[in-house]
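Student:
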């Protein structure tokens with residue numbers, strides 16, 4: 001009987017539901033039977049359907065990449081040298097596109113391996129949830145594939161663990177399954193047989209169903225779980241999100257639909273043109289006309305000459321139709337890079353050039369989209385008409401678009417929702433347009449239909465029905481009285497009085513029902529207002545979200561006229577004193593009289609509404625994914641992260657002509673291969689600064705082979721010409737002086753705004769707190785902090801005193817100030833964050849942000865305080881010596897930059913920081929921290945605490961030695977320990 005039941009389940013596609021209510025013994029027997037039958041059945045199914053195209057189907061989903069990840073044992077994951085001899089150095093030039101693509105694949109695998117290893121090291125803080133059920137995915141069971149597809153559901157309850165967020169698996173997540181909550185990787189090592197991972201490839205938050213690809217059969221997982229205890233539980237623990245890496249894999253392995261490699265061929269080797277414009281196309285009268293048009297577009301945008309030249313050079317690339325071109329715009333810190341990009345995109349929008357704008361992160365995408373939105377908004381003639389040509393898309397929960405004013409108007413998810421409502425056949429824009437026309441043409445017929453429906457829906461009861469329903473007990477008593485033929489006059493009188501009361505209640509019931517049905521005047525006013533609101537809201541949604549190519553400007557004018565007429569009629573309607581009933585009771589004007597009096601306005605409104613209904617044709621789209629594709633196909637400017645551009649590799653998608661990559665120097669080259677393969681692409685513009693931080697790479701092996709290098713940087717190394725933005729608007733001249741000399745060969749000029757006297761601000765008294773200073777902290781010592789990171793308690797104490805002084809000064813002057821505290825080491829960032837918690841930093845006019853150098857790239861603050869941390873006799877400074885990291889740290893400040901560090905350590909390092917110290921001394925900007933009394937007191941206090949901490953540590957060591965060796969005298973133990 002059990003075997004028969006198992007056979008039925010297996011033939012249907014697997015176990016219906018693994019839940020925790022089934023007895024363990026019965027579950028184990030059932031699983032064993034199902035596993036055996038399922039293997040036989042799948043084998044027969046594979047033979048019948050064949051497996052010739054299995055590889056192709058799996059490859060289209062990046063399945064080969066998942067197989068590699070699934071093949072790693074726990075021992076493989078923690079082995080840092082697993083791919084050490086398989087990863088090769090990525091060269092500067094390539095002989096073919098195949099060589100180019102293949103050169104990144106080993107590094108991609110190793111980087112994924114390193115990311116997974118790192119995540120397993122932080123299991124105590126990993127989000128997790130409990131699995132409620134697991135079942136085979138029937139939609140995949142009939143396809144010839146070796147992948148194991150399941151559907152899971154999770155318990156939507158708070159996990160109750162401090163500092164660990166509530167978790168629900170999302171698309172692209174790599175998750176580990178265990179029957180216990182591991183706190184460290186050692187917990188997994190003890191139960192190595194239970195190391196089991198899966199990849200989430202679909203997630204439906206409405207139904208709660210989550211589709212996964214598993215590395216092992218869940219039959220064995222549950223068997224193992226049940227052998228451990230009688231009440232099996234299963235947890236999903238978040239490891240990392242693999243979406244970007246899977247997309248890169250697909251791009252490198254030719255798995256993107258309709259991909260073109262013509263642009264890839266342009267970046268293999270040095271270009272003879274070196275980024276110069278094509279002489280064949282950029283000469284003659286046509287080019288002059290094109291230049292004049294672009295110059296007219298950008299003349300009102302207040303650009304400097306270098307910015308104008310950059311925009312002009314890039315936009316006129318569209319004149320070249322026979323050559324694929326690449327441009328590099330070099331944007332050092334504070335040179336108005338985002339403003340330049342926004343101006344470039346604005347020009348391309350006006351020229352109706354379909355363009356994709358990418359960036360490495362959601363934040364970078366939203367920053368440039370927000371700047372463009374502001375620019376476009378100021379140029380629109382009719383409200384929000386024109387935003388339909390702009391589209392931003394990505395993960396809604398991660399992007400947090402609502403924080404950026406105006407961006408919901410151009411975000412794909414909101415656009416799809418709005419247009420779905422407008423396009424609806426039964427409740428959309430056309431429906432309400434028709435309803436308004438009918439109401440104005442024949443309000444009497446509209447009211448009669450309403451009245452009829454209202455009576456039918458209300459279902460007026462007869463007196464008898466009312467009495468039986470409301471007073472059934474009286475009816476029963478009366479029947480009993482009649483059956484016994486009792487002529488008691490008292491009872492007869494009681495029933496007459498009771499029925500008289502019921503009749504009165506029935507009349508009240510009828511009056512109440514009639515009151516619920518509106519009068520003609522009430523109906524018209526309510527209906528006109530309701531339909532009018534819908535027409536106005538949906539009309540605005542249409543001209544906001546539809547591209548201008550689908551709604552000509554003439555129709556927008558007509559829409560505005562229609563909305564004005566509707567608002568005018570509603571205003572007149574509110575002012576008019578209307579009769580209360582249709583039958584003509586005294587007290588005011590009837591609706592028919594009102595419409596007759598305003599017949600000219602009414603007729604004009606009707607004419608406009610009818611014309612709109614005929615002129616604008618809306619496509620019949622009923623599904624959200626179809627609407628999303630419709631929006632993507634018709635937008636002129638599209639914004640997304642580089643990896644998200646895979647969405648544009650869809651059959652029938654409108655080709656993209658221009659590609660703009662912002663923050664291009666922070667984008668790994670292998671990731672840029674995704675948008676570079678877009679079909680129809682002819683021109684690419686990369687904007688960045690290779691002298692600032694590159695992309696973050698987890699693997700030290702990958703870092704050594706140039707995996708984090710950007711396409712921007714490699715093209716510069718190949719000799720491509722860069723168009724430099726050469727005027728900086730951020731830093732006070734005393735701050736920009738050193739980075740300009742050290743990193744940019746004095747090619748940068750200070751803008752007039754930073755040279756004005758008002759730009760020189762003093763936030764604290766004393767030369768130490770001038771616009772630029774190096775503050776020498778000789779007594780501090782570096783020590784290990786969180787993980788393997790370093791911290792310097794003395795520097796942290798000094799920063800705490802400075803912040804307190806700035807806060808006091810703020811409360812005295814009430815002048816707005818923003819402060820950024822930068823340290824290369826995460827342990828120091830954490831230490832400083834803990835120190836400044838004691839201050840009441842709640843005023844929005846006084847903000848303090850503490851981040852690592854990497855976290856500050858792209859940001860700026862009024863005051864920047866840098867904690868270099870390193871303080872040792874060997875002059876070792878580790879990755880602090882990285883010039884790109886130093887460049888970022890030294891160029892974030894607007895008005896004041898204060899650098900804290902140990903003079904001897906930094907001078908002896910022979911790095912860029914030695915130059916910083918020398919420069920500060922030459923410019924008389926070098927100060928000893930002891931010169932400030934409060935700072936000196938803080939240093940002595942910090943040193944005392946540090947000594948006490950060391951003494952406590954010494955005492956603990958001493959206690960351990962005493963406990964371990966009781967025959968050793970206390971005096972000898974103390975001497976030996978010391």
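Residue numbers (the UniProt record's numbering): 1 to 978.
Quick reminder that beta carbons are idealized off the backbone N, C-alpha and C, glycines included.
Quantities reported herein were computed from a predicted structural model and do not represent experimental measurements.
Leaving out five residues before and five after residue 753 in sequence, what residues of the same chain have Cβ atoms less than 7 Å from its Cβ?
Tutor: Cβ within range, chain order: 729 and 759.
Student: Does the Cβ of residue 944 have 16 or more other Cβ atoms within 10 Å, making it buried, or fewer, making it exposed?
Tutor: By the 10 Å Cβ count, residue 944 comes out exposed.
Student: Take residue 706 as the anchor and find which of 79, 88 and 269 has the nearest alpha-carbon.
Tutor: Selected option, being the one with the closest Cα: 88.
Student: Can you give me the C-alpha to C-alpha distance between residue 628 and residue 412, rounded to a whole angstrom?
Tutor: About 7 Å.
Student: Does the stretch 171–184 come close enough to the stretch 122–133 that 3 or more CB-CB pairs lie under 8 Å?
Tutor: Counting Cβ pairs under 8 Å, three or more are found: they touch.
Student: By DSSP, does residue 859 sit in helix, in strand, or in coil?
Tutor: Note: residue 859 maps to coil in three-state DSSP.
Student: Quick one, are the C-beta atoms of residue 120 and residue 212 less than 7 Å apart?
Tutor: Not a contact, by the Cβ cut-off of 7 Å.
Student: Ignoring anything shorter than 4 residues, give me the alpha helix (DSSP H) runs that lie fully in the stretch 687–721, in order along the chain.
Tutor: Fully enclosed alpha helix (DSSP H) runs of 4 or longer: 700–704 and 711–717.
Student: Residue ranges of each alpha helix (DSSP H) run of no fewer than 4 residues wholly in the stretch 80–129, ordered along the chain?
Tutor: Here the runs fully enclosed are 97–120.
Student: Note down, in chain order, each residue of its chain lying with its Cβ closer than 7 Å to the Cβ of residue 592, except the 5 sequence neighbours on either side.
Tutor: Hits under 7 Å: none found.
Student: In three-state terms, what does DSSP make of residue 805?
Tutor: It is helical.
Student: Span of the alpha helix (DSSP H) holding residue 573?
Tutor: Here the alpha helix (DSSP H) through residue 573 covers 553–575.
Student: Judging by CA-CA distance, which residue of 869, 799 and 704 is the nearest neighbour of residue 85?
Tutor: Among 869, 799 and 704, the Cα nearest to that of residue 85 belongs to 704.
Student: Do the stretch 327–339 and the stretch 687–696 make contact, defined as three or more Cβ pairs closer than 8 Å?
Tutor: In short, these stretches touch, since the Cβ pair count reaches three.
Student: Apart from the five residues just before and just after residue 919, which ones in its own chain have a Cβ nearer than 7 Å to its Cβ?
Tutor: Around residue 919: 738.
Student: Measure from the alpha carbon of residue 846 to the alpha carbon of each residue in 822, 648, 385 and 817, then state which is nearest.
Tutor: Nearest C-alpha to residue 846: 817.
Student: Have a look at 235, 90, 92 and 245 and flag the residue whose alpha-carbon is nearest the alpha-carbon of residue 111.
Tutor: The shortest C-alpha separation from residue 111 is found at 245.
Student: For my contact list, residue 664 and residue 743 are in at a C-beta cut-off of 8 Å; report their separation, rounded to the angstrom.
Tutor: About 18 Å; that fails the 8 Å criterion.
Student: In terms of alpha-carbon separation, which member of 255, 937, 680 and 115 lies closest to residue 76?
Tutor: Checking every option, the nearest Cα to that of residue 76 belongs to 115.
Student: With respect to the beta strand (DSSP E) encompassing residue 76, which residues constitute its N-terminal and C-terminal limits?
Tutor: No beta strand (DSSP E) contains residue 76, which is instead part of the alpha helix (DSSP H) from 74–77.
Student: Please look up how many angstroms separate the CB atoms of residue 641 and residue 388, rounded, as I've assumed it's under 8 Å.
Tutor: Wrong, their Cβ atoms sit about 22 Å apart, outside the cutoff.
Student: Less than 7 Å between the C-beta atoms of residue 199 and residue 74, yes or no?
Tutor: Result no, Cβ atoms of residue 199 and residue 74 do not sit closer than 7 Å.
Student: So what does DSSP say about residue 896, is it helix, strand or coil?
Tutor: The answer is strand: DSSP assigns residue 896 an E or B state.
Student: Given this structure, state the Cα-to-Cα distance separating residue 678 from residue 300, to the nearest angstrom.
Tutor: Residue 678 and residue 300: Cα-Cα distance of roughly 33 Å.
Student: Candidates 947, 575, 304 and 291: which alpha carbon is nearest residue 312's?
Tutor: Comparing Cα-Cα distances from residue 312 to each of 947, 575, 304 and 291, the minimum goes to 291.
Student: Going straight from the alpha carbon of residue 136 to that of residue 214, what length do you get?
Tutor: Distance between the alpha carbons of residue 136 and residue 214 is about 11 Å.
Student: I want to know whether the stretch 812–832 touches the stretch 771–781 - three or more CB-CB distances under 8 Å.
Tutor: Contact fails: fewer than three Cβ-Cβ distances are below 8 Å.
Student: Check residue 790 in the structure and name its three-state DSSP category.
Tutor: If DSSP states are grouped into helix, strand and coil, residue 790 belongs with the strands.
Student: So what's residue 731 in DSSP terms, helix, strand or just coil?
Tutor: Looking at residue 731 - three-state DSSP - the assignment turns out to be coil, as it is neither helix nor strand.
Student: Checking 7 Å against the spacing of the C-beta atoms, do residue 612 and residue 270 come in under that value?
Tutor: Contact flag unset, no.
Student: When the Cα of residue 936 is compared with those of 859, 780 and 450, which residue comes out closest?
Tutor: Minimum Cα distance to residue 936 is reached at 780.
Student: Which residue wins for smallest C-alpha separation from residue 608, given the options 890, 559, 656 and 531?
Tutor: It is 559.
Student: I want to know whether the stretch 340–354 touches the stretch 614–634 - three or more CB-CB distances under 8 Å.
Tutor: These segments do not touch.
Student: Whose C-beta lies closer than 6 Å to the C-beta of residue 208 among residues of the same chain, with five residues either side of it excluded?
Tutor: Excluding positions up to five away in sequence, the list reads 153.
Student: In this structure, does DSSP put residue 411 in helix, strand or coil?
Tutor: In this structure, residue 411 counts as strand in the three-state DSSP scheme.
Student: Measuring CB atoms only, is the stretch 828–837 touching the stretch 796–815, in the sense that at least three cross pairs come out at less than 8 Å?
Tutor: Touching, per the Cβ criterion.
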